[in-house]
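Undergrad: Provided herewith is a single structure, encoded as structure tokens, for subsequent inquiry.
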Amino acid sequence: MTFKYLFVGAMPLALSACMPPPTPLPDTAYIAAPATVTVAARQTGYVNPIQNYTVRPVVDPADWRESNKSQAGL
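Okay, structure coming up:
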């Protein structure tokens, strides 16, 4: 019974020793940039969220055959 617990406890340690080293963490200097004068901060600008909006008015349903014909050339 004790060997079973020892085996269950030691197996994850043994398997983790065979794993490759973890990847390094990404550079997060820009997160602390507003608080640190020596680190350059990213410049941001206003982006209009609806600049490419196309007005599509509500219309009555059309015949599906005509819709297929009009879209066949696309």
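When the letters of the sequence shown are read in order and numbered with mature numbering (1 follows the signal peptide of the UniProt record, and there is no 0), they come out as residues -19 to -1, 1 to 55.
Positions of the beta carbon are idealized from the N, C-alpha and C atoms, including for glycine.
Quick one: grab the DSSP three-state call for P2.
TA: One-based indexing of the sequence shown puts residue 2 at position 21. Coil at P2, not helix or strand.
Undergrad: Output the distance between the C-alpha atoms of S48 and N29, rounded to the nearest integer angstrom.
TA: Translated into positions along the sequence shown, residue 48 becomes position 67. Translated into positions along the sequence shown, residue 29 becomes position 48. Those two C-alpha atoms are separated by around 33 angstroms.
Undergrad: Taking the alpha helix (DSSP H) that Q52 falls in, what are its first and last residues?
TA: Locating residue 52 in the sequence shown gives position 71, where the first residue counts as 1. It spans 45 to 53 - the alpha helix (DSSP H) in which Q52 sits, taken as one unbroken run.
Undergrad: Where P4 and A(-3) are concerned, what is the direct C-alpha to C-alpha distance, given to the nearest angstrom?
TA: If you number the sequence shown from 1, residue 4 lands on position 23. If you number the sequence shown from 1, residue -3 lands on position 17. The amino acid occupying residue 4 in the given sequence is Thr; Pro does not appear at that position. Between the C-alpha atoms of T4 and A(-3) there is a straight-line separation of about 15 angstroms.
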